[in-house]
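Protein chains in written order, with the working numbering: chain A, 1 to 83; chain B, 84 to 401.
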Amino acid sequence: MMHVRIDSLRGILFESDAESLTVGTKSGEITVLPNHRSLITSLRPGAAKVIDANGDEKYFEVKSGFLEVKNIKSGTFLTLLVD
Amino acid sequence: MASLNNLKKRIGGVKSINQITSAMELVAATKMRKAQEAALASRFYAFDALEILGNVTDYLVKSGAELEKTFFARTVEKTLILIVTSDKGLVGSFNSSIIKKVEKFLKENADDFKAGKFSFVTVGQKGTDFVRRLGITPAGHFSNYGDIIDVGEIEELAGILDRGYRKRKWDRIVSFSMNFTSALSQEVVERRILPFEAKQIRKTVEEVIPNTGRYSNLKAEISKRRATETLDYIMEPSPKEILDDLLPHLLKIQVYHLMLEANASEHSSRRVTMKNASDNAHELTNELTLAYNKTRQEMITKELGELTGTVAAITNNV
C-alpha cells in the first residue's frame, strides 16, 4: 500500500492510501505502484487515476503540475501538485 | 467649563468616528476570514511544494550536479530585498514593524548597503514609500493587489525575481513579510528565498504550520513522512527539463504563499486596530456624555438658584 496526496491551491483534493496511480507525464503515461523508486516528473494535462484502498477508481483533472514519489523506510509517499 | 454646544459637537464627531471604525472592523473581519481560508487552503500545496523543493535541493547538492546550479549555492555579491507591506494605512503596527525589521537588517549590513549591494522590490505602497525615502528607486514595485491574491497575479513579481537572479542582478533574495499565525498574532519573518537551501526551506515549512490549533498535529505527520536520507531520485524526462519547470514554479509558489500570509495578516491587523479604535471611541462617547450631562445639570441648578433668588427678592420687596 502507498499513500497518495493530491494538492491543489484550493486545498487537498485527495488524501488516502491507494493501490495505484496512473497519470500522464511529459515522458508518457505512467502507473505508480507501491515501492516504486523515488521519482520526480512534470505532469501533462489530462486525468490522474487513483485506485484507492477499496479498489475504487477515482479521477482528478490535471492541467499541469508535478508528481513526486518518495520511497522511504516508513513507506511509499506520492505527492501530486496540480493546478 | 466647556460649553454645552461644544460638547454636543464633540459627541457627534466621536460617534461618527465610531460608526466608521465599526464598519471598517466588520469589513476587515470578513476579508480576514476569506484571506485566512485562502491561506489555509493553499498551505498544504505550499507545504508539499516546499518539501519537494527541499528534497530536490538536498539531492542535487549531494549528487554534485552542475545543472541549474545558479538556483542553489552561489557566492553572494548583491542582495535583493523583498518587502511585503500593505497599500493602505490604519493597520496598527503592521507596516511599521516590517519596516523596523528591514531597517535593523540594513543597519547590521550597513557596509554592504553603502556599497550599493542591495536592491529592493516592494509590494504595497507603504514599502515603496519607505524605499523611496532611503533615496533608492525600487527595482520593481507592486500595489493594488486584490484582497485575495490569485496565483496568476504573482506571475510578474516572481518573473522579476527569477530573471534578475538568472542575470546576476542579485545573488540572494531575502524577504520581509508578515507571517499569519492566528487572528491575534502575526509576526515579521525574514526569509531567504533564493538561493534554495534545504535547511532554510524546511524551516519555512515548519513556520507555515502553526504550533497550536487544528493543523498543529501535522508536524508529527511530517516527521513521519520526511525523508531522513537523501532520496535517490529519477528525474523524468531529464533533470534539466524538470528543474527548468519545477524551480520557477516553486519560486512562484513560495512568493504566492508569502503574499497570502501577508494578506491574512494585514486584514487581521486592521480588524484588531479598528476594534481598538471603536472601543476607544465608545469610551470617549461615554465620558463626553457624562461631562455633557453634568454641565447641563449644573446650568439647570444655577438657573433654579437664580430663579428662587429673584422670587425671594421680589416677595421681600412687596
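A virtual CB, placed ideally from N, CA and C, is assigned to each residue, including glycine.
Put simply, the backbone Cα of V288 (chain B) is about 28 Å away from that of S20 (chain A).
For L9 (chain A), the CB contacts under 8 Å within the same chain, skipping 5 residues up- and downstream, are D83 in chain order.
With a beta-carbon spacing of about 11 Å, T76 (chain A) and E68 (chain A) fall beyond the 8 Å limit used to define contacts.
Interface annotation, D7 (chain A): in contact with chain B, CB-CB separation under 8 Å.
If you compare the alpha carbons of B:G392, B:D131, B:F213, B:E236 with that of T168 (chain B), the shortest gap goes to B:F213.
For the alpha helix (DSSP H) assignment, the uninterrupted runs of no fewer than 4 residues enclosed by the region 174-201 of chain B are, from N- to C-terminal side, 177-191, 193-197.
The DSSP-derived three-state label of H224 (chain B) is strand. Cβ atoms of V50 (chain A) and V4 (chain A) come within 8 Å of each other, at about 6 Å.
At least 8 Å separates the beta-carbon of S202 (chain B) from that of K145 (chain B).
Under the Cβ distance rule, I325 (chain B) counts among the residues neighbouring chain A, one pair being separated by less than 8 Å. Taking the C-beta atoms as reference points, S27 (chain A) is found nearer than 8 Å to P320 (chain B).
Counting only the Cα atoms, M382 (chain B) lies some 15 Å from G392 (chain B). Residue pairing for E270 (chain B): DSSP places it in a beta bridge opposite B:N262.
Using beta-carbon distances, S125 (chain B) counts as an interface residue toward chain A, with a partner under 8 Å.
Under DSSP, T162 (chain B) takes part in a beta bridge, and its partners are B:F201, B:R255.
For M2 (chain A), the secondary structure class from DSSP, reduced to helix, strand or coil, is strand. The beta carbon of Q283 (chain B) sits closer than 8 Å to the beta carbons of R274, R275 from its chain, once the five residues preceding and following it are set aside; these are given in chain order. Contact of E68 (chain A) with chain B is assigned, a C-beta pair being separated by under 8 Å. The C-beta of S27 (chain A) comes closer than 8 Å to at least one C-beta of chain B. Only residues of its own chain outside the window of five on either side were considered, and among them none has a CB closer than 6 Å to the CB of I30 (chain A). If you check the CB distance, S260 (chain B) and E324 (chain B) do not come in under 8 Å. For P320 (chain B), the nearest beta carbon of chain A is closer than 8 Å to its own beta carbon. Cβ-Cβ distances below 7 Å link H350 (chain B) to A111, K114, M115, A118 in the same chain, with the five nearest sequence neighbours on each side left out; the list follows chain order.
By the Cβ rule, the region 170-180 of chain B counts as touching the region 349-366 of chain B, because three or more pairs are nearer than 8 Å.
Taking 8 Å as the upper bound for CB-CB distance, Y142 (chain B) and T264 (chain B) are not in contact here, some 31 Å apart. Shown here for L13 (chain A): same chain residues with a beta carbon closer than 8 Å to its own, the five before and five after excluded, namely I6, D7, F60, V82 in chain order. Neighbours of L314 (chain B) in chain A, taken as residues at a C-beta separation under 8 Å, are given in chain order as S38, K70, N71, I72.
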